[in-house]
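Have a look at the structure below, then the notes.
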Amino acid sequence: MKAPTMKQLRSMRCARCGRRYRGQADWNVTVQGGEIVGILCSQDQTAEENMEAAVREATMTYFETPDGELKALPTPVFEVRRRGGETR
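In my numbering, the protein residues as written are 119 to 206.
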């Protein structure tokens, strides 16, 4: 199954309660094998799922490819150097 495009995501429903996704920022996608297989509304996310999503959002950069697929790459980490060349 090919991963849904961003446009297709907007017509999907919560995998648990059936609520329609309308572009709300607090919904999470469910990914298996690198493909989106479902979405969860904020009311149906467990605390663990919400925390996992927060960590992924902080460490991954998500983007839409020209053909509409949702992809993720690790967010670059930049070193901060103090005067004298020390790394923090």
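Quick reminder that beta carbons are idealized off the backbone N, C-alpha and C, glycines included.
- Task: Would you list the residues sitting across from A190 in a DSSP beta bridge?
- Result: Y180
Practice item. Using the Cα positions of E182 and W145, report the straight-line distance between them to the nearest angstrom. Key: 17 Å
Tell me which same chain residues have a C-beta within less than 7 Å of the C-beta of G141, skipping the five on either side of it? R128
inquiry  = Could you tell me the alpha carbon to alpha carbon distance between T179 and E167, rounded to whole angstroms?
reply    = 18 Å
Next item on the list: For R174, name the three-state secondary structure that DSSP assigns.
Entry: helix
query: How should C135 be labelled, buried or exposed, when 16 other C-beta atoms within 10 angstroms of its C-beta is the threshold for buried?
result: exposed
Item checked: Minimum length 3: unbroken beta strand (DSSP E) runs contained in the stretch 128 to 172 -> 146 to 150 and 153 to 158
With H, G and I counted as helix, E and B as strand and the rest as coil, what does DSSP make of M119? Any reading at M119 is ruled out, since the residue's pLDDT is 45, under 50, leaving its predicted position unreliable.
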